[in-house]
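From first to last, the protein sequence lines stand for chains A and B.
Going by my numbering, the first residue of the first sequence is number 1, and it counts up by one from there.
Going by my numbering, the first residue of the second sequence is number 378, and it counts up by one from there.
Glycine is no exception: its CB is placed at the ideal position from the N, C-alpha and C atoms.
Only a predicted model underlies this, so the values are computations on that prediction, with no experimental measurement involved.
Working notes, structure below.
Protein chains: 2
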Amino acid sequence: MKSPICDMLGIEFPLLAFSHCRDVVAAVSRAGGFGVLGATAHSPETIEQELKWIDDRTDGKPYGLDVLIPENISTAGEKDVTWKSLEARISPQHRDFTRNLLKKYGVELTTTNVTDNQPQPFDAQRALDVLEVSFRHPIKLIANALGVPPKQMIDMGRKHGVPVAALVGSKEHALRQVAAGVDILVAQGTEAGGHCGEVSTMVLVPEVIKAIKPVRDVPVLAAGGIMTGKQMAACMAMGAAGAWTGSVWLATVESETTEIFREKMIAASSRDAVRSKGRTGKPARQLRSVWTDAWDRGPDSPGALPMPLQSIISRDAFNSIDRAAAAGNVQARDLVTYFVGQGVGLIDSVKSAGAVVQEFKEDFADAVEHMNMLMEE
Amino acid sequence: MKSPICDMLGIEFPLLAFSHCRDVVAAVSRAGGFGVLGATAHSPETIEQELKWIDDRTDGKPYGLDVLIPENISTAGEKDVTWKSLEARISPQHRDFTRNLLKKYGVELTTTNVTDNQPQPFDAQRALDVLEVSFRHPIKLIANALGVPPKQMIDMGRKHGVPVAALVGSKEHALRQVAAGVDILVAQGTEAGGHCGEVSTMVLVPEVIKAIKPVRDVPVLAAGGIMTGKQMAACMAMGAAGAWTGSVWLATVESETTEIFREKMIAASSRDAVRSKGRTGKPARQLRSVWTDAWDRGPDSPGALPMPLQSIISRDAFNSIDRAAAAGNVQARDLVTYFVGQGVGLIDSVKSAGAVVQEFKEDFADAVEHMNMLMEE
């Protein structure tokens, strides 16, 4: 396939795969897609190792990096906010609620050790430092979620000749991003896993394309709910330049997800993927569990704290929950959850990432052939 | 185009247009689509007039009828429930809240006169009586929303050789409908106007198709957010048999919508279409207005009553609101709302229904050509 986005990214099949797992990123790029490593949790040191690992396994095939620099965060404007300093801002009420919730399911809440200078979750400067290091590697895309990227990020992309992408959940966000100078938009519908807005992929993709066209003709990737090549073809029939995917890679053998979460994904229907503030403080789609229920509608819920505080609560909690569940505590399973989109309803087995890319290509071709047959008859 | 659904309905382009307005139904069927008249508000007498009017204007082209027989309604099991008897069940608190809300915007709440034997809104027997009369006309489809159609409705379809369709918002509903014997499923995503579930069209369509296939190969129409032939092509690329549309017809010259609501639709973005219980007591997508805000999140909201009680409240209220707005009360405009999907963000002008059908056909062909060009390059 030849298209502007394929030229920009140096690929032939515009299937982008977001994953926190280097194995998935490398496997997708090797198979002809484009892996994008979620780098939010990394430091400049750890990202260096990850990208070296990927370089050793991608035979020069292109891949990219994704960071998460929120425009709106409760610590905005504060300097050098550390993880430890934020821990003191979590009210006893929130701590107790979390501890009691876990206790009810036989899980003891333990606090994760962090170093004194560990930056806050989603720290902008840390993300920029991670990006800076990454340009030593042959990355072909940098992407940002949760707002317009800082000017330094856009400038970095320009300097290194690497396109800058941004995730958007509404037409209004898309227009702001184009004005700020991003090169690629990812129009992500409400059905997507992780942070998401309220507009569906079916509506958002044409709405964003239509809105930005008179301003600047930026390629728009479709995201949200896309688990198959047929859905990718659907989005491209509406004018999308390609697909940005996430959830589908969680059910691959390479992915970072726990065995228990995989089993839950396979059992889930699309209605089990709920939009909740319970994990990060901003609405993010994840598998419904007693955790999301307790925060969203528990009668004694203190309400989620704003980002980044809720992420500190949930990191401690899920370290405890996942450890207990893996150790065989069956009650802990009821708490287990992770980010996943409504597309979870289409997951029924675990495959290799390479096989998923291959299936996307075949399904895409089948969809085009199906459309041609309809037109001919 | 030739396909099982085209054969079933006697059409060549599987674009179904739901409308409460006979003008739209006739215009769409004449233009080569398939109009479906929303008959919920009709009596056997008024439907007879409507269908005669349509027959006189469709040159024998096929059309259908849609009713709304809720499986879950607060009056279930009661016999001969009249509109008047339900009025007494509305609490003074709900009446006062409604009256005060309207008053705040300069609108006096007046009660609509109904006859003593006027049946309750969404009365099942009335819907069946309406259908019975309709078979005197050459209708080619009967459809039901809000649950599995009663056995009498499915039997009526069988007896007259007319396929029975049902709207579904989840895989679980689809499986129940197929077991009950419906002939066509309408998989309607959360982005749709009117009553809707939570799963998006992009996910629901393939999820429903996949779920029912091992049971019975029923054609699945896609609904929710579809405003253009490109989106219709997208849905069919995912395996949908065609498109079921609603909101797009509200912005046609033929439609029943008020001038004020049209202006609001054109000004709206997709995020302005909210899912609210404020109109009927069940979640239904409609344009956000001070009415939906007040019921959904007003600090003094008494909460929407269950169906059919909330419909009685809102009928009186919107008769008063629409009359006041039309008479030039500018404050009343803030209250005006009507059912519409997220696709409202794609509406930017008012066209004739025939022109919309023609555009769908052209956009559909363009989308297929676009896909072929991508594959060739």
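The C-alpha of Ser653 (chain B) is placed about 37 Å away from the C-alpha of Arg513 (chain B).
Annotation: Cβ neighbours of Glu207 (chain A) in chain B (cutoff 7 Å, chain order): Ser647, Gly722 and Leu723. Against His747 (chain B), the close residues of chain A are Met236, Ala237 and Gly239, in the order they occur along the chain (beta-carbon pairs closer than 9 Å). One thing to note: Ser406 (chain B) has its Cβ within 8 Å of the Cβ of Gly412 (chain B). Contact residues of the region 33-50 of chain A toward chain B are absent (C-beta to C-beta distance below 9 Å).
Taking a Cβ-Cβ threshold of 9 Å, the residues of chain B close to Glu172 (chain A) are Ser646 and Arg648, in chain order. Counting only runs of 4+ residues, the alpha helix (DSSP H) found wholly inside the region 543-625 of chain B occupies 548-557, 578-589 and 606-614, in chain order.
Taken in chain order, the complete beta strand (DSSP E) segments of 3 residues or longer contained in the region 661-723 of chain B are 661-664.
Under the DSSP assignment, Asp432 (chain B) falls in the alpha helix (DSSP H) whose first and last residues are Pro421 to Asp432. In the three-state reduction of the DSSP assignment, Asn521 (chain B) falls in the strand class, which pools E and B.
Leaving aside the five residues that flank Val350 (chain A) on each side, the residues in its chain whose CB is nearer than 8 Å to its CB run, in chain order, Ala251, Thr252, Val253, Arg262 and Ile266. Secondary structure of Ser646 (chain B) (DSSP, three-state): coil. A residue is called buried when at least 16 other Cβ atoms come within 10 angstroms of its Cβ; Val595 (chain B) meets this threshold and is buried.
A Cβ-Cβ contact shorter than 8 Å links Ile382 (chain B) with Ala618 (chain B). His160 (chain A) counts as exposed, since fewer than 16 other C-beta atoms from the protein chains shown sit within 10 angstroms of its C-beta.
Just measuring C-alpha positions, the residue of A:Gly77, A:His20 and A:Leu109 sitting nearest Asn319 (chain A) is A:Leu109.
Inclusion of Pro676 (chain B) and Thr452 (chain B) in the CB contact set at 8 Å is not warranted, their separation being larger than that value. By the neighbour-count criterion, in which 16 or more other beta carbons inside 10 Å mark a residue as buried, Asp272 (chain A) falls on the buried side. Classified as buried, Asp183 (chain A) has 16 or more neighbouring CB atoms from the shown chains inside 10 Å of its CB. Leaving aside the five residues that flank Val585 (chain B) on each side, the residues in its chain whose CB is nearer than 6 Å to its CB run, in chain order, Lys548, Ala551, Ala564 and Val597. For a Cβ distance threshold of 7 Å, residue set Ser200 and Met202 of chain A lies close to Thr578 (chain B), ordered along the chain. Residue pairing by DSSP places Leu37 (chain A) opposite A:Ser19 and A:Leu65 in a beta bridge.
In terms of CA proximity to Val274 (chain A), A:Ser289 leads the group A:Gly60, A:Arg99, A:Ser289 and A:Gln177.
Within chain A, no residue has its beta carbon less than 7 Å from that of Lys728 (chain B); the closest one is some 16 Å off. When rounded, the separation of the alpha-carbon atoms in Ala325 (chain A) and Thr245 (chain A) is 28 Å.
If you look at Val133 (chain A), you'll find it in the alpha helix (DSSP H) that goes Ala124 to Ser134.
The C-alpha of Ala681 (chain B) is placed about 17 Å away from the C-alpha of Val713 (chain B).
By alpha-carbon distance to Asp532 (chain B), the top candidate from B:Ile519, B:Ser577 and B:Met615 is B:Ile519. DSSP, reduced to helix, strand and coil, places Val630 (chain B) outside both helices and strands of the structure shown, so it counts as coil. Each residue's CA atom was taken as its position, placing Ala404 (chain B) and Ser691 (chain B) some 30 Å apart. In this model, Met378 (chain B) and Pro391 (chain B) are separated by some 8 Å (Cα to Cα). With fewer than 16 other Cβ atoms inside 10 Å of its own Cβ, Ala41 (chain A) counts as exposed.
For Ile382 (chain B), the enclosing alpha helix (DSSP H) begins and ends at Pro381 to Leu386.
In this structure, Pro496 (chain B) places its C-beta atom within 8 Å of the C-beta atom of Thr459 (chain B). In this structure, the straight-line span from the alpha carbon of Met227 (chain A) to that of Ser511 (chain B) is close to 42 Å.
Using a Cβ distance threshold of 8 Å, Leu523 (chain B) and Glu448 (chain B) count as a contacting pair.
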